[in-house]
Amino acid sequence: MKFELLKGDITTLEVDIIVNAANSSLLGGGGVDGAIHRAGGPSILKECKEIVDEQGNCPTGEAVMTNAGNLKALKVIHTVGPVWKGGQFKEAQALANCYYNSLKLAEIAEVSSIAFPNISTGVYGYPKQQAAEVAVKTVYGFVFNHVKKVVFVCYDDQNYNIYSSLLFQ
Ligand code: ADP
């Protein structure tokens, strides 16, 4: 297994799967969600709508997979991070579920690489240090069969510095 840390825009990556920090309506939004839909084009949103029509909104901690439109990735996995409410509302478990369920979908798809943004650390307000600890612990604890590379993509310096010390200390 190879774990990588990158700073920048997740939409530019050539990996099999790009993970999106979506909201439960899967209808797109700001932050990384908006960037993925802008760069990927309308086919992603179309498939998101079909999924919601069939299954309803995506619950927090769950993940669904769609096409990747114009992105270089093969697929996008949309996962719904928890909104930070102080830490007493099972936010850590929900965030761990996001990483776990995304990796599970990637394994089912038999892909070899996946890139994660720092789920919930934008408008959802999860403290960055705590979110990174959950992310790294969950991914490191996962038993991989097909996936050979996991990329943690940080967009801001603060997350990048936190991940640097967690991954390379
Ligand atoms: P959430 O609602 O889960 O908090 P956000 O999109 O607001 O989602 O933020 C999640 C993280 O994604 C934040 O750390 C933000 O800096 C980061 N981010 C925003 N745009 C991009 C992008 N283009 N590529 C990678 N990460 C991004």
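When you line the sequence shown up against the UniProt record's numbering, it's residues 1 to 169, in that order. Where is the CB? At the ideal position from N, CA and C, for every residue including glycine.
Isoleucine 17, enclosing beta strand (DSSP E) - first and last residue: Counting from 1 along the sequence shown, the entry for residue 17 is found at position 17. Per DSSP, isoleucine 17 belongs to the beta strand (DSSP E) from 17-22.
Completely contained beta strand (DSSP E) runs for the region 45-128, where each covers 3 or more residues: Counting whole runs of 3 or more residues, the region 45-128 contains the beta strand (DSSP E) stretches 63-67, 75-80 and 113-116.
Please say whether tyrosine 155 and valine 32 have beta carbons closer to each other than 9 Å? Start at 1 with the first residue of the sequence shown, and residue 32 comes out as number 32. Start at 1 with the first residue of the sequence shown, and residue 155 comes out as number 155. Result yes, Cβ atoms of valine 32 and tyrosine 155 sit closer than 9 Å.
Note down the Cα distance separating serine 164 from tyrosine 126, rounded to an integer number of angstroms. Counting from 1 along the sequence shown, the entry for residue 164 is found at position 164. Counting from 1 along the sequence shown, the entry for residue 126 is found at position 126. One C-alpha to the other measures close to 18 Å.
Measure how close the beta-carbons of serine 120 and proline 82 come, nearest whole angstrom, since I'm counting them as under 8 Å. Position 120 of the sequence shown, counting from 1, holds the residue named residue 120. Position 82 of the sequence shown, counting from 1, holds the residue named residue 82. Between proline 82 and serine 120 the Cβ distance is about 6 Å, and since that is below 8 Å, they are a contact.
What are the start and end residues of the beta strand (DSSP E) that includes phenylalanine 3? Stepping through the sequence shown from its first residue, residue 3 is reached at position 3. Phenylalanine 3 -> beta strand (DSSP E) spans 2-7.
Could you check the C-alpha separation between valine 111 and histidine 146 for me, to the nearest Å? By one-based count along the sequence shown, residue 111 stands at place 111. By one-based count along the sequence shown, residue 146 stands at place 146. Looking at the two C-alpha atoms, the distance is approximately 6 Å.
Please confirm if the region 67-82 is in contact with the region 39-55, defined as three or more CB-CB distances below 8 Å between the two stretches. yes
Between the CA atoms of threonine 66 and asparagine 20 - distance to the nearest angstrom: By one-based count along the sequence shown, residue 20 stands at place 20. By one-based count along the sequence shown, residue 66 stands at place 66. So the alpha carbons of these two residues sit roughly 11 Å apart.
Does the Cβ of glutamate 91 have 16 or more other Cβ atoms within 10 Å, making it buried, or fewer, making it exposed? In the sequence shown, counting from the first residue as 1, residue 91 sits at position 91. By the neighbour-count rule (16 or more Cβ atoms within 10 Å), glutamate 91 is buried.
Between the beta-carbon of leucine 166 and the beta-carbon of glutamate 133, is there less than 9 Å? Within the sequence shown, the letter at position 166 stands for residue 166. Within the sequence shown, the letter at position 133 stands for residue 133. Closer than 9 Å, so yes.
Is the beta carbon of glycine 40 closer than 9 Å to that of leucine 71? Position 71 of the sequence shown, counted from the first residue, corresponds to residue 71. Position 40 of the sequence shown, counted from the first residue, corresponds to residue 40. Going by C-beta atoms, leucine 71 is nearer than 9 Å to glycine 40.
If you measure between the beta carbons of residue 185 and glycine 56, is that distance less than 9 Å? In this structure the chain extends from 1 to 169, so residue 185 is not present and cannot be described.
Would aspartate 157 be called buried (16 or more neighbouring beta carbons within 10 Å of its own) or exposed? By one-based count along the sequence shown, residue 157 stands at place 157. With fewer than 16 Cβ atoms within 10 Å of its Cβ, aspartate 157 is classed as exposed.
DSSP three-state call for phenylalanine 142: helix, strand or coil? Reading the sequence shown from its first residue, position 142 is the one you call residue 142. Of the three classes helix, strand and coil, the one that applies to phenylalanine 142 here is coil, per DSSP.
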